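Reminder that position 216 of the sequence shown reads as 208 in this note's numbering, one-by-one numbering, no gaps. A virtual CB, placed ideally from N, CA and C, is assigned to each residue, including glycine. Since the model is a prediction, treat every value here as computed from it, not as a measurement. To start, the structure under review is shown below, and the notes come after it.
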Amino acid sequence: MLSRSLPTSSLRISIRSCSVGLPSKFIHTARPIITRTLASNRTPAPLLPSSRLSSITRHFSSTPAIQSKQSSTMAPIEVQQYDYIVLGGGSGGSGSGRRAAGWYGAKTLIVESGRSGGTCVNVGCVPKKMTWNFGTINETVHVGRHYGYDFPEKVNFNYKHFKERRDAAITRLNGIYERNWGREGIDLVHGRARFVEPKVIEVANADGTTTRYAGKHILIATGGRPNIPAIPGAEHGITSDGFFEIEELPP
C-alpha cells in the first residue's frame, strides 16, 4: 500500500516500476486517481496575515457592489434647486426674499405654514389697530353727548359685522403679499418645512405628500408664538392670537 507521505514523483515512479503486465487502461486510470487523492489529503498551508487580509478584503469589497445594485433600482428623490429659501412669510422673511429676488436676481422660494404676512398682518398690528379704532369710535359716541351731540343713551353696534370686515381686510392683505412675491418672481409653497440635510428641506404638503428643496442659502424667519406664563389661573386667559378669534364680545 502506498504511503500518503511519499511525494507525488515517487508514486509515479512506483507506478511505472510495478506496471509490468498490467493493461494500459489501468495504468492511465491509476495515475490521475492517485494524484487527485494526494491533492485532496494534503494539509493546506496556513495563510500569511497578508493573505488572510487580502481574502477578507475581497469578501467585503464585493458586498457594496451588491448593495449598490439593489439601491440603483430605487427611484431617486427629486430635489428642486433654489438660490435662496426663506422659511416664514412674515415681515422679515418677505422683505429679505423680495430683496434677494428683486435686487440680486436670486431664484427664491418662500415656505409658509400659515397665512402670508406673519404676525403683523394676521394677529398683530393690522387687526389690533382696527379693533382699537372700533373701541375708540364707541367711546366717542358714548361721551359725545357731553360735547353737545344729541346721541341716544345707548348706541347699538354689531360686533359680528365688525369682525367680518376685519377678517376680510386681513385676507386682502394676504393676497397683496402673495401678489407682490409673484411680481418679484418668488415661488410660494404652503406647508411645514424641516431640515433633512444642512441645505435641504422637506415640506409636508396639505395633501399628505412631501417635497424636497435645496438652497444655496436658507433663512429661518419663522417668527414667534405667545408665551403663556406658568401661573395659577393661566388656563382662563387667552393670548393675542385667540383674542382676534372671538366671535362675540364677552359679557
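Open item on the list: Can you look up Tyr141 in the DSSP assignment and give me helix, strand or coil?
Closed with: By one-based count along the sequence shown, residue 141 stands at place 149. The three-state secondary structure of Tyr141, taken from DSSP, is coil.
Open item on the list: Distance check for Thr128 and Ala213, CA to CA, integer angstroms please.
Closed with: Taking the first residue of the sequence shown as position 1, residue 213 is located at position 221. Taking the first residue of the sequence shown as position 1, residue 128 is located at position 136. If you draw a straight line from the Cα of Ala213 to the Cα of Thr128, it comes to about 34 angstroms.
TODO: Quick one: residues in its chain with C-beta nearer than 6 angstroms to the C-beta of Ala57, no 5 flanking neighbours on either side, listed in chain order?
DONE: Position 65 of the sequence shown, counted from the start, is the residue given in the question as residue 57. Reliability fails at Ala57, whose pLDDT of 42 lies under 50, so the model's placement of it is uncertain and the value that follows must be treated cautiously. No residues qualify anywhere along the chain.
Task: Cβ neighbour criterion (16 or more within 10 Å) applied to Gly216 - done: Position 224 of the sequence shown, counting from 1, holds the residue named residue 216. Residue environment analysis places Gly216 among the exposed positions, since fewer than 16 neighbouring C-beta atoms fall within 10 angstroms of its C-beta.
TODO: Assign Gly84 to one of three DSSP states: helix, strand, or coil.
DONE: Mapped onto the sequence shown, residue 84 falls at position 92. Of the three classes helix, strand and coil, the one that applies to Gly84 here is helix, per DSSP.
Open item on the list: Do Gly109 and Ser83 count as a contact pair if the criterion is CB distance below 9 angstroms?
Closed with: In the sequence shown, the residue the question calls residue 83 occupies position 91. In the sequence shown, the residue the question calls residue 109 occupies position 117. In contact: Ser83 and Gly109 (Cβ atoms closer than 9 angstroms).
Open item on the list: Tell me the DSSP secondary structure of Asp159 in three-state form.
Closed with: As a working mapping, residue 159 is identified with position 167 in the sequence shown. Here Asp159 sits in helix by DSSP.
Task: Residue range of the unbroken alpha helix (DSSP H) whose run includes Lys121 - done: On the sequence shown, position 129 is the one that residue 121 refers to. Unbroken alpha helix (DSSP H) run through Lys121: 117 to 136.
Open item on the list: Using only CA atoms, which one of Arg90, Gly140, Thr203, Ala198 lies nearest to Val71?
Closed with: Counted from its first residue, the sequence shown places residue 71 at position 79. Ranking the options by Cα distance to Val71, first place goes to Thr203.
Open item on the list: Once the 5 residues before and after Gln73 are set aside, which same chain residues still bring their CB inside 7 angstroms of it?
Closed with: Locating residue 73 in the sequence shown gives position 81, counting from the first residue. Sequence-distant Cβ neighbours of Gln73 in its own chain, meaning closer than 7 angstroms and more than five residues away, are Ala206.
Open item on the list: Could you check if Ala196 belongs to the surroundings of the ligand GTP, using beta carbon to heavy atom distance under 8 angstroms?
Closed with: The ligand content of the structure shown is nil, which means the ligand GTP is not present either.
Open item on the list: Measuring alpha carbon to alpha carbon, tell me which residue in Ile210, Asn197, Ile230 is nearest Pro190.
Closed with: Stepping through the sequence shown from its first residue, residue 190 is reached at position 198. Nearest C-alpha to Pro190: Ile210.
Open item on the list: Can you tell me whether Lys146 is helix, strand or coil according to DSSP?
Closed with: Within the sequence shown, residue 146 is the residue found at index 154, counting from 1. In the structure shown, Lys146 sits in coil (DSSP, three-state: anything other than H, G, I, E or B).
- [ ] Have a look at Pro144 and Asn125 and give me their C-alpha separation to the nearest angstrom.
- [x] The count along the sequence shown starts at 1 and reaches residue 144 at position 152. The count along the sequence shown starts at 1 and reaches residue 125 at position 133. It is roughly 21 angstroms from the alpha-carbon of Pro144 to the alpha-carbon of Asn125.
Task: Given Asp199 as reference, the closest of Ile193, Val192, Gly183, Lys208 once Cα atoms are compared - done: If you number the sequence shown from 1, residue 199 lands on position 207. Closest option to Asp199, Cα to Cα, is Gly183.
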